[in-house]
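Asker:
Number of protein chains: 2
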Amino acid sequence: MANSPSGDSVLDRLVRVLGAFDGTRSSLSIATLARRADVPLATAYRLAADLVRHGLLSKDEAGMVRPGLRLWELANRASPAVDLRQAAIPFMEDVQSVVRQHTQLAVLRDDEVLVIERLSSRGSVVNQAQIAGRMPVHRTSLGMVLLAYSPNHVQESYLTRHPEAVASVDAVSFDFRRHLAQIRLRGYAAFDGRVDAGTTGIAVPVLDLHGTAQAALGVVVPLGFENSQSVVPALMTAARGIARTLGPAPA
Amino acid sequence: MANSPSGDSVLDRLVRVLGAFDGTRSSLSIATLARRADVPLATAYRLAADLVRHGLLSKDEAGMVRPGLRLWELANRASPAVDLRQAAIPFMEDVQSVVRQHTQLAVLRDDEVLVIERLSSRGSVVNQAQIAGRMPVHRTSLGMVLLAYSPNHVQESYLTRHPEAVASVDAVSFDFRRHLAQIRLRGYAAFDGRVDAGTTGIAVPVLDLHGTAQAALGVVVPLGFENSQSVVPALMTAARGIARTLGPAPA
DNA sequence: GTAGCAATTTCCATTCAATGAGAATGGCGG
DNA sequence: CCGCCATTCTCATTGAATGGAAATTGCTAC
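Note that the protein sequences, when read in sequence, are chains X and G.
Counted the way UniProt numbering counts, the first sequence spans residues 1 to 251.
Counted the way UniProt numbering counts, the second sequence spans residues 1 to 251.
#1: Below 7 Å CB to CB, which residues in the same chain sit around P222/G once its five sequence neighbours on both sides are set aside?
#2: Do three or more CB pairs link the stretch 142-154 of chain X to the stretch 201-218 of chain X at distances below 8 Å?
#3: Just to make sure I have the definition right: I need the residues of chain X whose C-beta is within less than 7 Å of the C-beta of R66/G. Which are they?
#4: Determine, for S58/G, whether the minimum Cβ-Cβ distance to residues of chain X falls below 9 Å.
#5: Starting from the C-beta of A243/X, find all residues in its chain whose C-beta is less than 6 Å away, skip the five residues before and the five after it, and write them out in chain order.
#6: Three Cβ pairs or more, each shorter than 8 Å: is that satisfied between the stretch 71-87 of chain G and the stretch 71-82 of chain X?
#7: Alpha carbon to alpha carbon, what distance is there between S26/X and N127/X?
#8: Kindly confirm or deny that the stretch 56-64 of chain X and the stretch 88-95 of chain X touch, where touching means at least three C-beta pairs closer than 8 Å.
#9: In the DSSP assignment, find the alpha helix (DSSP H) that holds T32/G and state where it starts and stops.
#10: Would you call the stretch 101-120 of chain G in contact with the stretch 178-189 of chain G, where contact means no fewer than 3 C-beta pairs closer than 8 Å?
#11: What are the boundary residues of the alpha helix (DSSP H) that M64/G is part of?
#12: Does R70/X get closer than 9 Å to chain G when you measure Cβ to Cβ?
#13: At what residues does the alpha helix (DSSP H) containing P233/G begin and finish?
#14: May I have the straight-line CA-CA distance separating A239/G from T212/G, to the nearest angstrom?
#15: Only counting the same chain, and skipping five residues up and downstream in sequence, which positions put a Cβ closer than 8 Å to that of residue 311/X?
#16: Checking 9 Å against the spacing of the C-beta atoms, do L33/G and A48/G come in under that value?
#17: Does P67/X pass the burial test, meaning 16 or more other C-beta atoms within 10 Å, or should it be called exposed?
#18: Write down every uninterrupted run of the beta strand (DSSP E) in the stretch 142-206 of chain G whose length is 3 residues or greater and which is fully enclosed by it, in chain order.
#19: Does the beta-carbon of H54/X have 16 or more other beta-carbons within 10 angstroms, so that it is buried, or is it exposed?
#20: For L114/G, go through chain X and note every residue whose CB falls closer than 8 Å to its CB, in chain order.
#21: Within a Cβ cutoff of 6 Å, which residues of the same chain sit near R16/X, ignoring the five residues on either side of it in sequence?
#22: For S79/X and D196/X, I'd like the C-alpha separation in whole angstroms.
#23: Is the CB of V107/X under 9 Å away from at least one CB in chain G?
#24: Taking G19/G as the query, report the chain X residues whose CB atoms sit under 7 Å from its CB, ordered along the chain.
#25: S58/X by DSSP, collapsed to three states: which one?
#26: Taking the runs of the alpha helix (DSSP H) that are 4 residues or longer, which of them lie wholly in the UniProt domain "FHA" (73-131) of chain X?
#27: Along chain G, in chain order, which residues have C-beta atoms closer than 9 Å to that of S26/X?
#28: 9 Å is my cut-off, CB to CB: does L14/X come that close to chain G?
#29: In chain G, which residues lie with their C-beta within 7 Å of the C-beta of I54/X?
#30: Using only alpha-carbon positions, find the residue among V65/G, L18/G, L51/G and D110/G that is nearest to R161/G.
See below:
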C-alpha cells in the first residue's frame, strides 16, 4: 500500500496540512486546504476525514475545517514551549506590573522568532505579534538578542541564508556583526518601529550555562517611552529568574 | 505497503503516541512509549524518528522523547481553544483582579473537563489543574456547570456512562438531576474540596444563543472564603462578556 | 570481569492499505 | 438554464510501511 508516487508520506502531508493554517485564515475549505498543502484532492478529503475522526481537525457545519481541540490538548500537555511558559509566566507578570505594556517571550526557530507567550495589558500599544506567531529575526529586538547570544555558527549560517539582514542595520552600526557585538556588550537590544510603527521593542536574553540564549524576553513600548531606566533592569531581573527556574536543564 | 495486520493506521498510532504523554511524565523513552501506545517496538522507533524529523516530537541527548515545538506551534496557531482563550483572557483578568485566586476556563470534552486557560495568582491556594489538563466532571464546579447547561441528551448520556456520578451528590441534593436543576436555578455551581481539600470551586457557564454552555469560567478559593458575594457577580459579568465576544459564532 | 537485562538499531520478505485520476453528484450564483 | 466549484465515490495498482527476529549497545549487579 502506501502507494506514494508523489514521494511523501502521511506525515509529510499531515505537517503540510496543519501548516496550511497560517493564522490569518483560521478555517479553510478542504479544497483550499488541498491546494495550499499541495495534496491531491481526493487524498485531501480522505486525510481530512481521518483527521477529523481523530479530533486533530474539526469540521464545522459549513464544511470548513480547522485544527482541532484534541491537537491543541496533545500539544499543550507537554512540550518545550509549555515548560518555558510555566517557568516564565510569574516573571513576566513581574515585568508586566512594572512596564504595563506587551510582554513577550520568544525562541529562535528555523531562522525566525517564534512567540511562546505574551501578556498584554489593556491599553498597550498595538503590536501584531501573537502566541505561536512568527516574526523576522533581524527586524525585532527579540530576534536580535536571540541571534546575538547564539553560537557563532548559528549567527554565520543565519547571515549566509539572509543576506538582506546585513542591509538592515541602521546608520550607526554599519556592520551587522558589530551590531550583534554591541548588543552583547549592552546586554539588551532596543529597536524602533521596525515591525510596528510608533513602537520600540526592548529585549534581553534568557541565558543557559553556556551563555547561549534559550529564549528572549521583551516588551513593546510606545516610542519615546522614557522609563527605559526601569524597563531594562526589570527585564534582566526577570530573565535571570527564568534562567534560574529552568536551571537544571542544560542546552 | 501499509501492511497493517495490526489494523490501525499511521494516524491511529500518531494519536496514541502523542496521547501517551499524560502530563505527569513529560518525556519518555521510545521503548516506554511503544508500550504505552501499544505499538510494535520496531515500528515505534521508526515512527518516532519520522516524527522527530518533522519536529512533532523532539529527542534530547538521553534519547528521551517529548512533544515537539513544531507541534505546539501548529496547534496554537489556530484552534477552537485559541479563539476561546483570546476572547476570555481580558475578562479572566478582570475576575483575577477582584478575586486574586486561580481563575480557570474549561470546556466539556469526552465526558471530562478540559482546562483551556488558567490564570494563577502568586499565593493562590494549591490546585492541581493545569492548562490542557483534564478533570472529572462531577467532582468539579466547572464540570457541573458545563453539564447543567448542556442539552438534555448530553446529560443523560453522561449519566448512563457514569453511574458513579449519581452517588456523588451530597446529602442535600439527593437526586443528581435535581442537583443540576439547582445549579441552573442559581446560575452557578459551588463545590467544596472534591478535588483539592480545603478549597472551594465556584463556576458559571459561558452561554451561547441556545442557552448551552460553550465553556465554563470558575475560580478556586480557600475554604470559607466569604466574599462569595463579590465572586459570583464578577464571574457572571465576565462570562457574559466572553459570550458577547464569541458572539457571532453559533453552536 | 562477566552475566543478565533492557533499550536501541538494523534487516528483510511480505502484503494490503493508501493512492490518485477521473467520473458522478451536489450547490450556488448569474 | 448553465457554468463553476466543492465534495464524494469508484477502482485497479503497487511500493511503502510493516513487524518478527536477530544483532548491538549500555547498564547494573554480582
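Glycine included, every Cβ here is placed at the ideal spot set by N, Cα and C.
Answerer: From the atom records:
#1: Translated into positions along the second sequence, residue 222/G becomes position 222. If we look at P222/G and ignore the five residues flanking it on each side, its Cβ neighbours are V125, G198 and T199.
#2: yes
#3: Residue numbering aside, residue 66/G sits at position 66 when the second sequence is read from its first letter. The contacting residues are A78 and S79.
#4: Stepping through the second sequence from its first residue, residue 58/G is reached at position 58. So, interface residue.
#5: Counting from one through the first sequence, the residue named residue 243/X turns up at place 243. Here the set comprises V206 and L207.
#6: yes
#7: Your numbering for residue 127/X matches position 127 in the first sequence. Your numbering for residue 26/X matches position 26 in the first sequence. Each residue's Cα considered, the two are about 19 Å apart.
#8: no
#9: Within the second sequence, the letter at position 32 stands for residue 32/G. Element bounds for T32/G: I30 to A37.
#10: no
#11: The count along the second sequence starts at 1 and reaches residue 64/G at position 64. Neither: M64/G is in no alpha helix (DSSP H) and is coded neither H nor E.
#12: Reading the first sequence from its first residue, position 70 is the one you call residue 70/X. True, the Cβ-Cβ gap to chain G drops below 9 Å.
#13: The residue given as residue 233/G occupies position 233 in the second sequence. S228 to L246 is the span of the alpha helix (DSSP H), which, as asked, contains P233/G.
#14: Indexing the second sequence from 1 puts residue 239/G at position 239. Indexing the second sequence from 1 puts residue 212/G at position 212. If I take the Cα positions, the gap works out to 13 Å.
#15: Since the first residue shown for chain X is 1 and the last is 251, residue 311/X is missing from the structure and cannot be characterised.
#16: Working through the second sequence from its first residue, we reach residue 33/G at position 33. Working through the second sequence from its first residue, we reach residue 48/G at position 48. Yes. Within cutoff.
#17: Working through the first sequence from its first residue, we reach residue 67/X at position 67. Burial call: buried.
#18: 189-192
#19: Within the first sequence, numbered from 1, the residue matching residue 54/X stands at position 54. Buried, since its Cβ has 16 or more Cβ neighbours within 10 Å.
#20: Indexing the second sequence from 1 puts residue 114/G at position 114. By Cβ distance, chain X contributes L69 and E73.
#21: Locating residue 16/X in the first sequence gives position 16, counting from the first residue. Around R16/X: A37.
#22: Counting from 1 along the first sequence, the entry for residue 79/X is found at position 79. Counting from 1 along the first sequence, the entry for residue 196/X is found at position 196. If you take the alpha carbons of S79/X and D196/X, they lie about 30 Å apart.
#23: Translated into the one-based positions of the first sequence, residue 107/X becomes position 107. Yes, its Cβ sits closer than 9 Å to a Cβ of chain G.
#24: Position 19 of the second sequence holds residue 19/G. Those are L74, listed as they occur along chain X.
#25: Locating residue 58/X in the first sequence gives position 58, where the first residue counts as 1. Strand at S58/X.
#26: 80-99
#27: Along the first sequence, one-based indexing puts residue 26/X at 26. Those within 9 Å of S26/X in chain G are R77, A78, S79, V82 and D83.
#28: Locating residue 14/X in the first sequence gives position 14, where the first residue counts as 1. L14/X counts as touching chain G.
#29: On the first sequence, position 54 is the one that residue 54/X refers to. In the sequence on display, residue 54/X carries His and not Ile. Near H54/X (Cβ distances below 7 Å), the residues of chain G are L11 and V15.
#30: As a working mapping, residue 161/G is identified with position 161 in the second sequence. Out of V65/G, L18/G, L51/G and D110/G, D110/G has the C-alpha closest to the C-alpha of R161/G.
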